[in-house]
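Counting with this note's numbering, you get residues 2 to 170 for the letters of the sequence shown. Virtual Cβ for every residue (Gly too), placed ideally from N, Cα, C. In what follows, a structure is listed as structure tokens, so that the remarks can point back to it.
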Amino acid sequence: MRRSRLAYLPIAFPLLAVAEIVVFLAVADAIGALWAVLLLAASCVAGIALLRREGVRGFRAFQEAVRAGRPPGGEVSNSLIGLFGALLLAVPGFLTGIAGLLLLLPPGRILARRGVERFAQRNLGGAATGDLFGPRRVRVHQSDPVTVVVVDDDQPRPPAAAIEGEIVR
């Protein structure tokens, strides 16, 4: 039986905390403890400011998509990725800050959005994601035409015998 990815969360959080401490100590050793603390404080303040901005932007994009009659999935996933990136930036730590910054920048946001849409299509099914994200994208591969020749060499079969009887309920 395949194990759920959520089963690894109790292990992942303590490992992340240890990794954040190690990275903080390395950065503090390289640039000084005061500068490292100031850098963490600045990233937290920026993350909190971006949380509000991304939330308002996502809500407006959702309303605009609903008013225009478009599926709001792209706007919703884009704003959720932005909110998650801002939240990661607001959490004190260099690793979470870098991950949050990558999710806030357009190339990282595009990659994450594709992953979120693929995850939703795989786990929610085609009908739900079609309403949410619009029609699926189908990739067409071009190839050379294939010539098929149908040969009908089957002999006609004799009619099958009928079975007589009663239906008993």
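DSSP state of residue i mapped onto helix, strand, coil
i      : result
Gly75  : helix
Val46  : helix
Arg123 : helix
Glu55  : helix
Gly86  : helix
Leu102 : helix
Arg6   : helix
Span of the alpha helix (DSSP H), counted from its first residue to its last, around residue i
i      : result
Pro159 : Taken as a continuous stretch (DSSP letters only), Pro159 belongs to no alpha helix (DSSP H), as it is neither H nor E.
Pro15  : Leu10 to Ile32
Given residue i as reference, the closest of the options once Cα atoms are compared
i      : options                         : result
Leu105 : Val23, Ile168, Val24 and Gly59  : Gly59
Leu17  : Val67, Arg158, Gly94 and Arg123 : Gly94
Gly114 : Leu102, Val149 and Gly75        : At residue 114 the sequence reads Arg, which differs from the Gly that was named. It is Gly75 whose Cα lies nearest to the Cα of Arg114.
Ala37  : Gly83, Ile12 and Gly98          : Gly98
Ala42  : Ala91, Asn124, Gly83 and Ala66  : Ala91
Segment contact flag, the region 39 to 49 with the region 74 to 93, C-beta cutoff 8 angstroms, min 3 pairs: yes
Touching by the beta-carbon criterion (3+ pairs, under 8 angstroms), the region 52 to 66 and the region 25 to 34: no
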